[in-house]
C-alpha cells in the first residue's frame, strides 16, 4: 500500500511540474529582433517620435514631442494607450519625453498594438488647435 501511495505521489508531482513549465513557456511572447517605426501622419509645427526599445525582453515605446515654433503653448496629449497628459507653458524646441514600461501592457509591442496614434490639443493665446499623428510599427526578424 505504501508503494502505491508513494508512486502516485511522485507521478502527481511530475504532472504538476510539467503543467507549470508548459504554462510558463506559453505565456512568453515571441518578440522580434528589430522594429521599424514609420510616421504615416504628421502635424505641422510638431516633431513627434515613437522610439522602440527593449525593456526586460519586451519592446516598449518611448515618445518625444517637440513644438517647433517660437511661442509657448499649453498642450494636452492623448497617447496611443489612451493616457492623457497635460503640459502647461510648453517652451518651444524643448522635448517632452515619456517612457514605456514592460509591466504596462499598453506600452508593449504586439500585433494589435502596432498602430500608434497621438492626439494633440494645444492653445496659443486664445486659439485652440488639435491634430493627430499616426505611426505604423513593423517587426523585422
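Numbering (mature numbering (1 follows the signal peptide of the UniProt record, and there is no 0)), first residue to last: -19 to -1, 1 to 122. Cβ coordinates follow ideal geometry from the N, Cα and C atoms, glycine included.
Residue i burial status per 10 Å Cβ neighbour count (16 or more: buried)
{"i": "residue 60", "result": "buried"}
{"i": "residue -1", "result": "exposed"}
{"i": "residue 46", "result": "buried"}
{"i": "residue 29", "result": "buried"}
{"i": "residue 80", "result": "exposed"}
{"i": "residue 7", "result": "Annotation note: pLDDT 47 at residue 7 (below 50); position unreliable, coordinate value reported separately. When all chains shown are included, residue 7 counts as exposed."}
{"i": "residue 99", "result": "buried"}
{"i": "residue -7", "result": "exposed"}
{"i": "residue 113", "result": "exposed"}
{"i": "residue 56", "result": "buried"}
Bounding residues of the beta strand (DSSP E) (the contiguous stretch that carries residue i)
{"i": "residue 109", "result": "108 to 121"}
{"i": "residue 104", "result": "96 to 105"}
Other residues of its chain near residue i: CB distance less than 8 Å, five sequence neighbours each side excluded
{"i": "residue 63", "result": "87"}
{"i": "residue 51", "result": "73"}
{"i": "residue 121", "result": "13, 14, 15, 16, 17"}
{"i": "residue 111", "result": "100, 101, 102, 103"}
DSSP state of residue i mapped onto helix, strand, coil
{"i": "residue 15", "result": "strand"}
{"i": "residue -10", "result": "helix"}
{"i": "residue 25", "result": "coil"}
{"i": "residue -3", "result": "helix"}
{"i": "residue 67", "result": "strand"}
{"i": "residue 47", "result": "strand"}
{"i": "residue 132", "result": "Since the first and last residues shown for the chain are -19 and 122, residue 132 lies out of range."}
Residues that residue i bridges to, as DSSP identifies them
{"i": "residue -19", "result": "BP columns for residue -19 are empty, so no partner."}
{"i": "residue 87", "result": "Its beta-bridge partners do not exist; DSSP assigns none."}
{"i": "residue 60", "result": "Answer is none; residue 60 lacks a bridge partner."}
{"i": "residue 33", "result": "42"}
Spatial neighbours of residue i in its chain, beta-carbon cut-off 6 Å, leaving aside the 5 residues before and after
{"i": "residue 76", "result": "45, 47"}
{"i": "residue 70", "result": "53"}
{"i": "residue 115", "result": "21, 22, 98"}
Own chain, CB closer than 7 Å to residue i, minus 5 neighbours either side, in chain order
{"i": "residue 83", "result": "36, 37, 39, 41, 89"}
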